[in-house]
Amino acid sequence: MTDQLTLEHVAVNVAVETHVKPLLQAIDLRLAPGDYVCVLGTNGAGKSTLFNAITGDIPLAAGKITLAGQEISHEKPEKRARLIARVFQDPKMGTAPRMTVAENLALASRRGQRLTLASRQLRQQLPAFAQLAAQTGNGLEKALDKPTEQLSGGQRQALSLLMATLKRPELLLLDEHTAALDPKTSEAIMAVTDKLVTQEQLTCMMITHHLEDALKYGNRLIILSAGKIVADYDTKARQQLTAADLLTYFG
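Using the UniProt record's numbering, the letters of the sequence shown correspond one by one to residues 1 to 251.
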């Protein structure tokens with residue numbers, strides 16, 4: 001089976017006064033198509049830096065990144081966005097606030113396409129958008145004509161998820177996407193996330209600080225520390241882990 005995502009000796013540095021500090025150190029990682037990987041690590045371990053290296057928001061100091069058979073190591077973030085979708089911790093970051101829910105979904109449906117002055121045919125798409133939004137279970141389908149800035153945090157994050165997955169990405173990055181939500185809403189968003197990722201068999205990496213989620217979701221778990229991958233558990237190995245086992249990496 002061909003790898004979907006490959007990182008070979010990826011390194012990222014930052015200049016600190018008179019010396020260079022490594023943020024990622026020779027990361028080697030291979031994801032098969034459909035891998036659903038939880039990413040754990042302490043603050044400063046390099047989790048978001050890893051995502052930023054993949055999306056091109058931080059340049060590589062060394063190494064090579066290949067996604068869906070294409071080397072993207074030096075492509076600009078805008079070009080990588082045709083292949084990669086990302087949902088951030090802040091629900092406000094994934095949507096256009098003054099556009100309606102339907103308008104946001106219409107925009108997401110054209111991701112990777114050249115934007116033109118052609119009609120959006122928004123009205124014709126409303127039934128499909130309503131059916132799509134109903135999957136979230138939080139009333140989003142009743143808010144298609146509402147500006148996104150008027151949604152609750154949970155609804156807005158659910159919309160971000162739908163937008164990220166509406167046009168199947170080659171890689172979905174979830175960057176602590178439930179961290180800003182209350183426990184009940186977080187649980188609901190994780191249920192939606194799991195449904196979308198597993199049904200569509202998306203290749204996904206999800207950063208989380210919730211140990212229970214790291215043990216419950218996905219088929220693989222990697223742990224970062226000081227810019228290195230210090231553990232990589234497949235499904236069978238992860239099933240033997242407990243939250244107490246994971247806590248040892250946070251000491």
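Here a beta-carbon is modelled for each residue, glycine too, at the ideal position from N, C-alpha and C.
(message) Just to confirm before moving on: does the CB-CB distance between Leu166 and Ser73 stay below 8 Å?
(response) As a first step, residue 166 must be located in the sequence shown, where it is residue number 166. As a first step, residue 73 must be located in the sequence shown, where it is residue number 73. Not closer than 8 Å, so no.
(request) Let me know the secondary structure DSSP gives Arg86 once reduced to three states. (result) As a working note, residue 86 is residue 86 in the sequence shown. Strand at Arg86.
(request) Could you round the C-beta distance between Val12 and Ile58 to whole angstroms and report it? I think they count as a contact, below 8 Å. (result) Your numbering for residue 12 matches position 12 in the sequence shown. Your numbering for residue 58 matches position 58 in the sequence shown. About 6 Å; that satisfies the 8 Å criterion.
(request) Enumerate, from N- to C-terminal direction, the unbroken alpha helix (DSSP H) stretches of 4 or more residues contained entirely within the region 211 to 250. (result) Secondary structure in the region 211 to 250: the alpha helix (DSSP H) runs of 4 residues or longer, each lying completely within the stretch, are 211 to 216, 235 to 238 and 243 to 247 in chain order.
(request) Report the rounded CA-to-CA distance for Glu71 versus Asn104, giving the unit in angstroms. (result) On the sequence shown, residue 71 is found 71 positions in, with the first residue counted as 1. On the sequence shown, residue 104 is found 104 positions in, with the first residue counted as 1. So the alpha carbons of these two residues sit roughly 30 Å apart.
(request) Apply the 10 Å Cβ neighbour rule to Thr242 and answer buried if 16 or more other Cβ atoms are within range, or exposed otherwise. (result) Here residue 242 refers to the residue found at position 242 when the sequence shown is read from its first residue. Counting C-beta atoms within 10 angstroms of its own C-beta, Thr242 has fewer than 16 neighbours from the protein chains shown and is therefore classed as exposed.
(message) Considering only their Cβ atoms, is the gap separating His9 from Gly63 smaller than 8 Å?
(response) Locating residue 63 in the sequence shown gives position 63, counting from the first residue. Locating residue 9 in the sequence shown gives position 9, counting from the first residue. The Cβ-Cβ distance between Gly63 and His9 falls below 8 Å.
(message) Please state the DSSP three-state secondary structure of Glu170.
(response) As a first step, residue 170 must be located in the sequence shown, where it is residue number 170. Coil.
(request) On a CA-only basis, which of Ala130, Leu174 and Pro169 is nearest Met93? Give me that one, please. (result) Translated into the one-based positions of the sequence shown, residue 93 becomes position 93. That would be Leu174, whose Cα lies nearest to the Cα of Met93.
(message) My output table needs one value for Pro91: the three-state DSSP class, helix, strand or coil.
(response) Mapped onto the sequence shown, residue 91 falls at position 91. The three-state reading of DSSP puts Pro91 in helix, counting H, G and I together.
(message) Suppose you measure from the CA of Glu17 to the CA of Leu221; what does that come to, to the nearest Å?
(response) Locating residue 17 in the sequence shown gives position 17, where the first residue counts as 1. Locating residue 221 in the sequence shown gives position 221, where the first residue counts as 1. Glu17 and Leu221: Cα-Cα distance of roughly 35 Å.
(message) Determine whether the beta carbon atoms of Leu24 and Gly227 lie at a separation below 8 Å.
(response) What you label residue 24 is simply residue 24 of the sequence shown in a count that begins at 1. What you label residue 227 is simply residue 227 of the sequence shown in a count that begins at 1. In this structure, Gly227 lies closer than 8 Å to Leu24 by Cβ.
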